[in-house]
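S.K.: Protein chains in written order, with our numbering: chain U, 142 to 378; chain Z, 142 to 378. Every residue gets a Cβ at the ideal spot worked out from N, C-alpha and C, and that includes glycine. Quick caveat: nothing in here was measured; it's all calculated off a predicted structure. I have a structure I would like to understand better, so I am pasting it below and will then ask my questions one at a time.
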DNA sequence: CATTTGATGGTATGGTTGTACCACAAAAAT
DNA sequence: ATTTTTGTGGTACAACCATACCATCAAATG
């Protein structure tokens, strides 16, 4: 063989370029050319390592799903204690709330892929079916453990509550992505809700809220965008 | 003036064609031609009533947002009683869960628009900013009323709880859209959660759940798609 | 009756996209 | 030293897209 080239490394490099390109102007606007330019290679090379655009998009989606798993794991590990169910659950759910620009870009592309995979048969949602299933089972186990330890409300149904938690997390994350809420507001709401699931005296409020003052305003002023990230002048065509 | 033509009626007809086209193969794949064909008119006519594609998409989004409001109102009115907060809230939140193909199509396009509006500056999310704000204020009022009437848990913070409810609704609806959950499972989870907010003996369970049997399974078998709607052979290109 | 004007069809055009094809260099294999 | 193989660049091509332009028909107004 002639030139020694690590194929996987090259593929990863190109995929990263795609993700960067998609982060700035949307997944729908990525083209073979834009990816090639972003990666600093010729279009031919993108063709060489991923025969078709479909395969490139598919590979990027797979990588994205894998990275999601790493992110959650990393967050849980960063919590330190792997034994406190509440901390673990909080870490897992908070991953869905984009805080800085990096995580915002990540979740934006992830969401775009998810929505795209609904209509595009080539993106049969395999990577999106496995992850939530595992996540849900994981949460069920953590909730049950917390109940056994006496920290979680024993009245809860772990199965249903796990689904609720996942939905709250996804819904809040999406609202932040859409600019309806700030990341801080979403985080506060998530903490509030966890306080209801874990009624320990830690964070949860037990008495009724003071009238007229119920924490930081959960929504923004109308017309004000929560996410002042730069919006490129754009296509839509 | 020559031919008598109701412009608004023509525009509505074309917009409906766009929505139908988007429902079947995704918003990203709608083109002037596809809309014209679906509407049974020439491309020139689409140009005539909406000068540019951008304006067409914008008009469709506006109509979509308006229709969302009508849908929620219609659902609330169909409940009959406009005085029972729980019923009203339940109706509002259930609207986000697509049950039949029609509502699935509607919510799919709505979601596609929402995601698209993040990256596309021409779709500055005005229609998506106003609706959730109103919805949230509405829920806050209903929750407060329910608390005053003694049907809702007085420990709740109406502001935060309204955001949680909205997030649960959106998250569940999205999961159904993505084929991760059936509409029935999502509805069951929503009922469960409302039972926790309204701890009356109506639906809510008070005791701890029986071990190993916690209602209908909230998730599907892996690999099985929750929504066997026809997926057209498709582009992705 | 003439003419203006709104509604419509058809077609041309400039640009973009994904992909196929051709060429070539360099290193390994023979 | 020749041949094969692999990585890379450039370019051509067919399809498609949004849009601009040209033409026409019909109706209402003068």
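Is any beta-carbon of chain U found at less than 9 angstroms from that of residue 255 of chain Z?
M.R.: Start at 1 with the first residue of the second chain, and residue 255 of chain Z comes out as number 114. Yes, residue 255 of chain Z lies at the interface with chain U (some Cβ there is under 9 angstroms from its Cβ).
S.K.: Specify the secondary structure class of residue 294 of chain U as computed by DSSP and reduced to three states.
M.R.: As a working note, residue 294 of chain U is residue 153 in the first chain. If DSSP states are grouped into helix, strand and coil, residue 294 of chain U belongs with coil.
S.K.: When the cut-off is 9 angstroms and only beta carbons count, does residue 220 of chain Z lie next to chain U?
M.R.: Stepping through the second chain from its first residue, residue 220 of chain Z is reached at position 79. Chain U contact via Cβ: absent.
S.K.: Using the beta-carbon count (16 or more within 10 Å), is residue 214 of chain Z buried or exposed?
M.R.: For the purposes of this step, residue 214 of chain Z is identified with residue 73 of the second chain, where counting begins at 1. Classification of residue 214 of chain Z: exposed, given that the 10 Å Cβ count is below 16.
S.K.: Helix, strand or coil for residue 146 of chain U? Go by DSSP, reduced to three states.
M.R.: Residue 146 of chain U sits at position 5 when you count from the first residue of the first chain. Looking at residue 146 of chain U - three-state DSSP - the assignment turns out to be coil, as it is neither helix nor strand.
S.K.: So the candidates are U:279, U:210, U:233 and U:156; which of them puts its Cα closest to the Cα of residue 220 of chain U?
M.R.: Counting from 1 along the first chain, the entry for residue 220 of chain U is found at position 79. Of U:279, U:210, U:233 and U:156, the residue nearest in Cα terms is U:233.
S.K.: Near residue 157 of chain Z, which residues of its chain fall below 7 angstroms by C-beta distance, leaving aside the five closest residues on each side in sequence?
M.R.: In the second chain, residue 157 of chain Z corresponds to position 16, counting from 1. Nothing meets the Cβ criterion.
S.K.: For residue 292 of chain U, which residues from the same chain have a beta carbon less than 8 angstroms from its beta carbon, with the 5 sequence-adjacent residues on both sides left out?
M.R.: In the first chain, residue 292 of chain U corresponds to position 151, counting from 1. 226, 227, 339 and 341.
S.K.: So residue 264 of chain Z and residue 199 of chain Z are in contact, right, with Cβ under 8 angstroms, and what is the actual spacing, rounded?
M.R.: Working through the second chain from its first residue, we reach residue 264 of chain Z at position 123. Working through the second chain from its first residue, we reach residue 199 of chain Z at position 58. 7 angstroms between Cβ atoms; contact.
S.K.: Of the residues U:183, U:337, U:275 and U:307, which one's Cα is nearest the Cα of residue 295 of chain Z?
M.R.: Here residue 295 of chain Z refers to the residue found at position 154 of the second chain. Comparing Cα-Cα distances from residue 295 of chain Z to each of U:183, U:337, U:275 and U:307, the minimum goes to U:337.
S.K.: From the beta carbon of residue 147 of chain Z, is the nearest beta carbon of chain U less than 9 angstroms away?
M.R.: Here residue 147 of chain Z is taken as the residue at index 6 of the second chain, counted from 1. Cβ-Cβ to chain U under 9 angstroms: no for residue 147 of chain Z.
S.K.: Output the distance between the C-alpha atoms of residue 332 of chain U and residue 177 of chain U, rounded to the nearest integer angstrom.
M.R.: For the purposes of this step, residue 332 of chain U is taken as residue 191 along the first chain, with counting starting at 1. For the purposes of this step, residue 177 of chain U is taken as residue 36 along the first chain, with counting starting at 1. Straight-line Cα distance between these residues: approximately 43 angstroms.
S.K.: Helix, strand or coil for residue 183 of chain Z per DSSP?
M.R.: Taking the second chain and counting its residues from 1, the one referred to as residue 183 of chain Z is at position 42. Of the three classes helix, strand and coil, the one that applies to residue 183 of chain Z here is coil, per DSSP.
S.K.: Compute the Euclidean distance between the alpha carbons of residue 311 of chain U and residue 166 of chain Z, then round it to the nearest angstrom.
M.R.: Residue 311 of chain U sits at position 170 when you count from the first residue of the first chain. Residue 166 of chain Z sits at position 25 when you count from the first residue of the second chain. Rounded to the nearest angstrom, the two C-alpha atoms are 25 angstroms apart.
S.K.: Ends of the alpha helix (DSSP H) at residue 299 of chain U?
M.R.: Here residue 299 of chain U refers to the residue found at position 158 of the first chain. That run of the alpha helix (DSSP H) goes 299 to 318.
S.K.: Where does residue 321 of chain U sit, in a helix, a strand or coil, going by DSSP?
M.R.: Here residue 321 of chain U refers to the residue found at position 180 when the first chain is read from its first residue. Looking at residue 321 of chain U - three-state DSSP - the assignment turns out to be coil, as it is neither helix nor strand.
S.K.: Tell me whether residue 210 of chain U sits in a helix, a strand or coil according to DSSP, three-state version.
M.R.: On the first chain, residue 210 of chain U is found 69 positions in, with the first residue counted as 1. Reduced to three states, the DSSP call for residue 210 of chain U is helix.
S.K.: Is it right to say residue 251 of chain U is buried, meaning 16 or more other beta carbons lie within 10 angstroms of its own, or is it exposed?
M.R.: Residue numbering aside, residue 251 of chain U sits at position 110 when the first chain is read from its first letter. Residue 251 of chain U is buried by the Cβ-count criterion.
S.K.: Would you call residue 298 of chain Z buried or exposed, if buried means 16 or more other Cβ atoms sit within 10 Å of its Cβ?
M.R.: As a working mapping, residue 298 of chain Z is identified with position 157 in the second chain. Answer is buried; the Cβ neighbour count reaches 16.
S.K.: Distance cutoff 9 angstroms, beta carbons only. Does residue 181 of chain U sit that close to anything in chain Z?
M.R.: Residue numbering aside, residue 181 of chain U sits at position 40 when the first chain is read from its first letter. With 9 angstroms as the cut-off, residue 181 of chain U does not count as an interface residue toward chain Z.
S.K.: Quick check on the DSSP output: what are the complete alpha helix (DSSP H) runs of length 4 or more inside the segment 185 to 265 of chain U, in order along the chain?
M.R.: Listed in chain order, they are 194 to 219, 226 to 235 and 242 to 260.
S.K.: Measuring CB to CB, does residue 212 of chain Z end up less than 9 angstroms from residue 231 of chain Z?
M.R.: What you label residue 212 of chain Z is simply residue 71 of the second chain in a count that begins at 1. What you label residue 231 of chain Z is simply residue 90 of the second chain in a count that begins at 1. The answer is no: Cβ separation not under 9 angstroms.
S.K.: So residue 226 of chain Z contacts chain U; which residues on that side make the cut at Cβ distance below 7 angstroms?
M.R.: Within the second chain, residue 226 of chain Z is the residue found at index 85, counting from 1. Going along chain U, no residue has its Cβ under 7 angstroms from residue 226 of chain Z, so there is no contact; the nearest lies around 17 angstroms.
S.K.: To the nearest angstrom, report how far apart residue 321 of chain Z and residue 146 of chain Z are at their CA atoms.
M.R.: If you number the second chain from 1, residue 321 of chain Z lands on position 180. If you number the second chain from 1, residue 146 of chain Z lands on position 5. Between residue 321 of chain Z and residue 146 of chain Z, the C-alpha separation is close to 46 angstroms.
S.K.: DSSP on residue 339 of chain Z, reduced to helix/strand/coil?
M.R.: Taking the second chain and counting its residues from 1, the one referred to as residue 339 of chain Z is at position 198. Coil, per DSSP.
S.K.: Distance check for residue 206 of chain U and residue 181 of chain U, CA to CA, integer angstroms please.
M.R.: To locate residue 181 of chain U, count along the first chain from 1; it is residue 40. To locate residue 206 of chain U, count along the first chain from 1; it is residue 65. Rounded to whole angstroms, residue 181 of chain U to residue 206 of chain U spans 25 angstroms at the Cα level.
S.K.: Given this structure, state the Cα-to-Cα distance separating residue 267 of chain U from residue 175 of chain Z, to the nearest angstrom.
M.R.: As a first step, residue 267 of chain U must be located in the first chain, where it is residue number 126. As a first step, residue 175 of chain Z must be located in the second chain, where it is residue number 34. Rounded to the nearest angstrom, the two C-alpha atoms are 29 angstroms apart.
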